[in-house]
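The numbering of the sequence shown is the working numbering, which starts it at 8 and goes up by one.
Think of the CB as a built atom: it goes at the ideal place given N, C-alpha and C, for glycine as much as any other residue.
Computed from a predicted structure; not experimentally measured.
Please read the structure below before turning to the comments.
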Amino acid sequence: TAQPCLCSSNATRLPEGSWDSHFHVIDPVRFPPLPDAAYKPGTHTVWENSVFEHSIGCDHVVMVQPSIYGTDNTLLVESLKAYGPERARGVVVFDVENTTAAQLAEWNRVGVRGVRINLQSINATESVDELERTLKAHAEAVKPFDWVLQLYAPMELIPSIETFVPTLGVRIVFDHFGDPKMPQPIEDPQKL
Numbered sequence: 008t009a010q011p012c013l014c015s016s017n018a019t020r021l022p023e024g025s026w027d028s029h030f031h032v033i034d035p036v037r038f039p040p041l042p043d044a045a046y047k048p049g050t051h052t053v054w055e056n057s058v059f060e061h062s063i064g065c066d067h068v069v070m071v072q073p074s075i076y077g078t079d080n081t082l083l084v085e086s087l088k089a090y091g092p093e094r095a096r097g098v099v100v101f102d103v104e105n106t107t108a109a110q111l112a113e114w115n116r117v118g119v120r121g122v123r124i125n126l127q128s129i130n131a132t133e134s135v136d137e138l139e140r141t142l143k144a145h146a147e148a149v150k151p152f153d154w155v156l157q158l159y160a161p162m163e164l165i166p167s168i169e170t171f172v173p174t175l176g177v178r179i180v181f182d183h184f185g186d187p188k189m190p191q192p193i194e195d196p197q198k199l
């Protein structure tokens, strides 16, 4: 059955200037996922996203590097260039020891405004001391560009990093709302 077009009514459109603050561009044919990727994605190209965003009246987007591509930000950067810096921003993933200030400056030029540290998708288990070192190193790298540090980690971890996060000197985003554990749905409402 045909689905109604979201663009058929002004009531379903977003306010002018709206941002989609988190989506992934995925093209497994042109950019195969890492062999050990935690999930097997479908395809979600810049074109498909642009059509959707236009249908709801969303003017701006933030593309976030998905875990399936690791530190290869090629597709994200290509996608930022397709959108242009007036419409899109990006959040990259990089190895802080092997990424130069010149590379960060180039990414900044095309619209990157953040770095993502993803512990959740890859089930990373760093000690709090290791995580502090990781966050501090990334914060120092991106501070000259005024980027945000986006942390995707389980909500239970947040209290353990509370003492040093304010000292990082950058804005922090807790990805996916801190990935809270949601209550399981009740099978039978009559059992209440």
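Is the number of C-beta pairs between the stretch 25–36 and the stretch 48–56 that are closer than 8 Å three or more? yes
Close beta carbons around G97, own chain, < 6 Å, minus the five adjacent residues each side: M70, L83, L87, G118 and V119
Cβ atoms of F171 and E133: under 7 Å apart, would you say? no
For Y159 versus D182, is the C-beta spacing smaller than 7 Å? yes
Give me the DSSP bridge partner(s) of H51. I33
The stretch 172–180 in contact with the stretch 144–163 per 3-pair CB rule at 8 Å: yes
Taking the runs of the beta strand (DSSP E) that are 3 residues or longer, which of them lie wholly in the stretch 83–134? 95–99 and 119–125
State the Cα-Cα distance for the pair C14 and D66, rounded to the nearest angstrom. A caution first: C14 carries a pLDDT of 43, below 50, which makes its placement in the model too unreliable to give a value.
Alpha carbon to alpha carbon, how far is E60 from G77? Give it in angstroms, no decimals. 26 Å
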